[in-house]
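Worksheet: one structure, shown below.
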Amino acid sequence: MPILLDLVMLACYNADTSKLYMSHTVSKLTAYSTVNKVVDVLPIFASQTKSASENLKQYLTGPAPVGKHSEASVMPIFMREYATLSASVRSKIRIVGFKWFKYEGMPKDSSTTTLNSVPTGISATLHLQVPH
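This note's numbering numbers the first residue of the sequence shown as 1397 and each following residue consecutively.
In structure tokens, the structure reads:
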């Protein structure tokens, strides 16, 4: 059965920005790169989860120098890690923006006006194939 994949929303939940690639992110991106087309990937960062070790709320709202960062500042950290993947993997993966999970966990005095960076013109279609 062929794999039909258009967009992957990749959970990058960790309270430590140096560990955004935990939870097997490299192996997931490598697996997605085996599809016979370029796959759009949208990392999701969490500002509030049940576990404090899985969210970046302190990074956004805590006292400096640990906190008081903008939502957008985490994406360059993610992209530095992404750049360490092999060229063959990166050639099949397109990072198309990012998303923050749980708006109520975002700081009230956000330094950016947009919580997401999502390209225009993207749509997702669910393709199901039923075996005969």
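Cβ coordinates follow ideal geometry from the N, Cα and C atoms, glycine included.
Quiz item: What whole-angstrom Cβ distance do V1470 and L1481 have, given they're in contact under 8 Å?
Solution: Their Cβ separation, rounded to whole angstroms, is 18 Å, which puts V1470 and L1481 out of contact at 8 Å.
Quiz item: Touching or not, the stretch 1441-1450 and the stretch 1480-1497, by the rule of three or more beta carbon pairs under 8 Å?
Solution: yes
Self-check item: At least three beta-carbon pairs within less than 8 Å, the stretch 1472-1487 to the stretch 1422-1439
Solution: yes
Quiz item: If we ignore side chains and look at the alpha-carbon of each, how far apart do A1460 and S1423 end up?
Solution: 33 Å
Quiz item: For the alpha helix (DSSP H) that L1456 lies in, which residues bound it at each end?
Solution: K1453 to T1457
Quiz prompt | Straight-line Cα distance separating T1430 from I1473 | solution = 25 Å
Quiz item: Rounded to a whole number of angstroms, what is the C-alpha to C-alpha distance between S1513 and S1449?
Solution: Low confidence applies to S1513: its pLDDT is 48, below 50, so where it sits in the model is not reliable, and the reading given next is rough at best. In a straight line, the C-alpha of S1513 is about 24 Å away from that of S1449.
Quiz prompt | N1410 burial status per 10 Å Cβ neighbour count (16 or more: buried) | solution = buried
Quiz item: How about V1435 and V1404: do their beta carbons lie closer than 8 Å?
Solution: yes
Quiz item: In chain order, what residues of the same chain lie with their CB nearer than 8 Å to the CB of L1425, ignoring the 5 residues before and after it?
Solution: L1406, V1437, Y1478, L1481, V1485 and I1489
Quiz item: Near C1408, what residues of its chain come up, given a Cβ to Cβ distance below 6 Å and the 5 sequence neighbours on each side ignored?
Solution: L1416, P1439 and F1441
Quiz item: Does DSSP classify L1425 as helix, strand or coil?
Solution: helix
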